[in-house]
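K.L.:
When you read off a place in the sequence shown, starting at 1, and then add 45, the result is the number in the numbering used here.
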Amino acid sequence: MKLETFGWEVDGDGIAHAVFDVPGRSMNTLTAKSNADIIAIAEEVTSNPDIKGLVISSGKASGFCAGADLGEMEGRAGGGKKKELSEQEQLAQEFASSYALNQVMRKLETCGKPVACALNGLALGGGLEVA
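1) For I96 and G52, which I take to be in contact (beta-carbon distance under 8 Å), what is that distance rounded to the nearest angstrom?
2) Can the beta-carbon of V90 be found less than 8 Å from the beta-carbon of C156?
3) With C-beta atoms as the reference, is C110 less than 8 Å away from F140?
4) Quick check on the burial criterion: 16 or more other C-beta atoms within 10 angstroms. Buried or exposed for G171?
5) In terms of DSSP beta bridges, what is C110 paired with?
6) What is the residue span of the beta strand (DSSP E) that I101 lies within?
7) Spatial neighbours of L146 within its chain, please: CB distance less than 8 Å, with the 5 preceding and 5 following residues excluded, ordered by chain position.
8) Roughly how many whole angstroms lie between the Cα atoms of N73 and V160?
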């Protein structure tokens with residue numbers, strides 16, 4: 046399985062280990078790529094009968110996850126163009142972004158196998174939700 050923001054291995058006991066490690070960052074953040082990776086991980090855990098459970102940990106000494114990547118969120122919301130959107134359009138975009146994260150977490154919650162998170166430091170915002 047090819048992942049951009051997680052290391053991946055399945056040990057001899059059938060326990061999958063996903064190591065959250067966003068390249069080029071001193072702290073992990075939730076991005077579109079990490080969300081896609083989490084979905085891929087959940088789908089692999091769900092569909093692979095050899096996998097008995099999943100442990101998620103961090104490859105960063107600074108902690109687990111600082112939450113959503115605010116720069117990426119601003120870009121999705123239109124950056125400086127927010128003033129051109131109506132309040133209703135802004136709310137719709139913010140809802141869509143929040144709902145997308147909800148769907149990512151739901152994949153983990155409903156994979157049908159035990160999922161544990163080994164925390165080694167901070168887990169903030171959406172990072173706490175993953176944990």
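Glycine residues also receive a C-beta, built at the ideal position from the N, C-alpha and C atoms.
P.N.:
The answer reads as follows:
1) Not a contact, Cβ separation roughly 16 Å.
2) yes
3) no
4) buried
5) C110 pairs with A168.
6) That run of the beta strand (DSSP E) goes 98-103.
7) L75, N80, A113, G171, E174
8) 19 Å
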